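Numbering (the working numbering), first residue to last: 1060 to 1227.
Structure (structure tokens):
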């Protein structure tokens, strides 16, 4: 599995356009899994999971890590193509946030959540974003339970409208 995969192709965005595919990617985490296991974990039919895995595979977001014969049939174990997906471009932000919202809605435990509007210069905003990214990228994940960490710094559209003298 690669460390990072940049999400930039139309097929990748299309594949991420369905909430169940987000859940499949989160469920896979760093471990390979079969269609049957994913279907049980996500409370879905195997045919539904197989279809969505096919879309994710076609987009290069998952691949078959192992194939074996089981009771006369072929069983595939699927794995994410990368540990982390890096979203580039503003069109990817809503897709990523939908994935996070879906995952949070099904979360066992949300340990903290905070949204705060603050006034920052462009330089301050970039410095905070870089610091947060460095902090998250530096987390040692060995032998730990899986958690999701979301960090972002953004300038809301209403802030631009006010500063540019436009109605909002």
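Each residue gets a CB set at the ideal place from its N, CA and C atoms; glycine is no exception. A quick note: this is a predicted structure, and the numbers were derived from the prediction, not measured.
Answer with buried or exposed for residue i, where buried requires no fewer than 16 other C-beta atoms within 10 angstroms of its C-beta.
i            : result
residue 1092 : buried
residue 1225 : Confidence is the limiting factor: at residue 1225 the pLDDT is only 43, short of 50, which leaves the residue's position unreliable and the question unanswerable from this model.
residue 1139 : buried
residue 1111 : buried
residue 1094 : buried
Identify the continuous alpha helix (DSSP H) that holds residue i and give its terminal residues.
i            : result
residue 1082 : 1078-1087
residue 1189 : 1181-1196
residue 1098 : 1094-1101
residue 1072 : 1069-1074
Could you check what DSSP says for residue i in three-state terms: helix, strand or coil?
i            : result
residue 1047 : Any property of residue 1047 remains undetermined from this structure, which presents the chain solely from 1060 to 1227.
residue 1061 : strand
residue 1145 : strand
residue 1154 : helix
For the candidate residues the options, whose alpha-carbon lies nearest to that of residue i?
i            : options                : result
residue 1113 : 1168, 1083, 1063, 1205 : 1083
residue 1062 : 1108, 1109, 1176, 1196 : 1196
residue 1076 : 1064, 1155, 1192       : 1155
Kindly indicate the opening and closing residues of the beta strand (DSSP E) around residue i.
i            : result
residue 1120 : That residue, residue 1120, is in no beta strand (DSSP E); it is neither H nor E in DSSP.
Can you give me the Cβ contacts of residue i inside the same chain, cut-off strictly under 6 Å, excluding the 5 residues immediately before and after it?
i            : result
residue 1158 : 1081
residue 1067 : 1147
residue 1187 : 1212
Give me, in chain order, the residues of the same chain whose beta-carbon lies closer than 8 Å to that of residue i; leave out the 5 immediate sequence neighbours on both sides.
i            : result
residue 1209 : 1159
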